[in-house]
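Our numbering applies: residue 363 is where the sequence shown begins, and numbers increase by one. No residue lacks a Cβ here, since even glycine has one placed at the ideal position from N, Cα and C. To start, the structure under review is shown below, and the notes come after it.
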Amino acid sequence: MSFMKIKIIIIGGFLGSGKTTSILNVGKHLSETGQKVAIIVNEIGEIGIDEDTISSLGIEAKELTSGCICCTLKIDMQFTLANLAKEVKPDIILIEPTGIAFPKQIKDDLAQMNIADTSDIPYMTFAPIVNLVDGDRFNTEIKQIPRFIVTQLKDAEIVGINKIDIADKDRIKDVRATVKNINPKTQILEFSARNNDEQFQTFLSLLSGDSSENDGTKGEISKKINSVEMSEVSTYSAEFDILSQDLNQNIATTISKNILEEVKNRVLNLNLNSDLDLNSNPDFIGHIKISMDYPNEMLKASLTSSKGSPQIDIFEKNKNTQCKLKIMSAVAKVPKDELIEFVENSIHESFTKESIDIKKVESQCNTQQLIDISNL
Ligand SMILES: Nc1nc2c(ncn2[C@@H]2O[C@H](COP(=O)(O)OP(=O)(O)O)[C@@H](O)[C@H]2O)c(=O)[nH]1
Ligand SMILES: [Mg+2]
């Protein structure tokens, strides 16, 4: 018999829909109610960006990166979960799948562990499966990668239409109607995770409920569809040492904004000039994330669509580390080799403009080792 019992909350959603922002708020809220919370974040590519931010809240966080052979497959998730359970003994584990995963598949994989029934593995119950949607960008998503978006939404028990602070009301109404059409049974909420608004509080209270098919071992195991392939998303991540002593918030902001704008413009140009069938829609959707370390602070910059502008957040740091830049890019409908070139060129140009030298940190996992990460 298992002795430990843990509640699992999985918050899925396409790239940049607001999963990390939501999970941080959910985690904060649950900790404040006296529950012990741990977070598992799944990141595409071999460079993790979010673990530091999450840990800074005092919540135990593990970031799984799935770019190389040493850190892939669902075994990794199960192993991490079992370890967290043993070492941290949380009441609740929040899981952020990558934006190109299907949350239901992750739940099914984890629910399988319930069968093992040993004292090493916790017995898990599940909150309703959540899928977030970027209310402002949804129209483009459904045009560019309809099969992927529909599959993600079909399994959701709660759909959170996020970013209502920036999307106009009529647009949100349309999004709600489309979601309802795709999944008539799902519960639909509209909120701003960033503003932690009233509707987001309603969302929090729903998470204390249970998934309608809580014992995943009884539920039908969904057919394994390769979510990565279906998403038509290319990804590239890299890390650079910044060889300058006087990097500061101003320069870091200028450089990271510049990199994001440059990548965006290159993607737009490519789409405008290509024969790709984008329904004459040159927009890009995805998530390009930068983190920059410099004395006393860390900067995070983020861009999720060609319509938006780069979002900058600054975090204080108490230990000083080497100045560096990490980037994770994941964009739909752009060939991988082009994405690599766009990212590399944009980074080099942006630092050259500021007369700062950088040096690429060679990752231990080279691209030949990349393997199928469809399940995480
Ligand atoms: N305006 C607005 N931006 C948001 C909201 N939630 C998240 N974002 C921004 O959207 C970007 C992606 O959010 P993130 O949580 O990293 O998305 P993830 O990729 O799904 O984990 C970041 O720049 C966030 O600050 C929201 O409610 N409103
Ligand atoms: Mg995230």
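When you compare each of the options to residue i by their alpha carbons, which one comes out closest?
{"i": "G571", "options": "I491, G389 and L634", "result": "I491"}
{"i": "T597", "options": "S691, L392, E425 and N404", "result": "S691"}
{"i": "L619", "options": "F646, K367, S664 and D645", "result": "The residue asked about is misnamed: residue 619 is Lys in this sequence, not Leu. When only C-alpha atoms are compared, the closest one is S664."}
{"i": "V595", "options": "L634, P508 and K662", "result": "P508"}
{"i": "I462", "options": "F646, F713 and V693", "result": "V693"}
{"i": "Q684", "options": "N631, S379, E601 and K669", "result": "E601"}
{"i": "D517", "options": "I401, R538 and Q549", "result": "Q549"}
{"i": "P697", "options": "L687, K535, T460 and E591", "result": "E591"}
{"i": "K686", "options": "S667, M654 and I709", "result": "M654"}
{"i": "N682", "options": "P657, I604 and I689", "result": "P657"}
{"i": "G407", "options": "F464, K542 and S599", "result": "S599"}
{"i": "T666", "options": "I709, I650 and E623", "result": "I650"}
Evaluate residue i with the Cβ neighbour count: other Cβ atoms within 10 Å of its Cβ, from every protein chain shown; 16 or more gives buried, anything less gives exposed.
{"i": "L419", "result": "exposed"}
{"i": "K451", "result": "exposed"}
{"i": "F376", "result": "buried"}
{"i": "K580", "result": "The predicted model places K580 with a pLDDT of 46, which falls under 50 and marks its position as unreliable; any figure quoted below should be read in that light. That one is exposed."}
{"i": "G578", "result": "Caution is warranted here: a pLDDT of 46 is assigned to G578, below 50, making its placement in the model unreliable, and the coordinate value is therefore given only provisionally. Flag for G578 reads buried."}
{"i": "F553", "result": "buried"}
{"i": "S593", "result": "buried"}
{"i": "F646", "result": "buried"}
{"i": "I431", "result": "Annotation note: pLDDT 41 at I431 (below 50); position unreliable, coordinate value reported separately. So I431 ends up on the exposed side."}
{"i": "K695", "result": "buried"}
{"i": "Q506", "result": "buried"}
{"i": "D734", "result": "In this prediction, D734 scores a pLDDT of 43, lower than 50, which makes its location untrustworthy; the coordinate-derived value is nonetheless stated afterwards. That one is exposed."}
{"i": "F500", "result": "buried"}
Using three-state DSSP, classify residue i as helix, strand or coil.
{"i": "A423", "result": "strand"}
{"i": "K451", "result": "coil"}
{"i": "G389", "result": "helix"}
{"i": "E489", "result": "The residue you asked about is not Glu; residue 489 is Ala in the sequence shown. Note: A489 maps to coil in three-state DSSP."}
{"i": "I483", "result": "coil"}
{"i": "T616", "result": "helix"}
{"i": "E793", "result": "Summary: the structure shown does not reach residue 793, with the chain confined to residues 363 through 738, and so no result is reported for it."}
{"i": "T383", "result": "helix"}
{"i": "Q611", "result": "helix"}
{"i": "N658", "result": "coil"}
{"i": "V723", "result": "coil"}
**Study point:** Contact between the segment 694 to 704 and the segment 605 to 614 (3+ Cβ pairs under 8 angstroms)
**Key:** no
**Study point:** Secondary structure, beta strand (DSSP E): runs of 3+ residues fully inside the segment 539 to 602
**Key:** 549 to 552
Check your understanding: Does the count of Cβ pairs from the segment 562 to 569 and the segment 671 to 689 closer than 8 angstroms reach three?
Key -> no
Review point. Would you call the segment 651 to 662 and the segment 615 to 630 touching, i.e. three or more CB-CB distances under 8 angstroms?
Key: yes
Check your understanding: Would the segment 492 to 501 and the segment 521 to 537 be scored as touching if the rule is three or more Cβ pairs under 8 angstroms?
Key -> Contact between the segment 492 to 501 and the segment 521 to 537 is present, because at least three Cβ pairs lie under 8 angstroms.
Practice item. Evaluate contact between the segment 379 to 392 and the segment 546 to 562, counting only Cβ atoms and requiring at least three cross-stretch pairs below 8 angstroms. Key: They touch, by the three-pair rule.
Review point. Any contact of the segment 421 to 428 with the segment 436 to 450, i.e. 3+ C-beta pairs under 8 angstroms?
Key: yes
Exercise for review: Decide if the segment 386 to 401 is in contact with the segment 452 to 461; the criterion is three or more beta carbon pairs, one per stretch, under 8 angstroms apart.
Suggested key: yes
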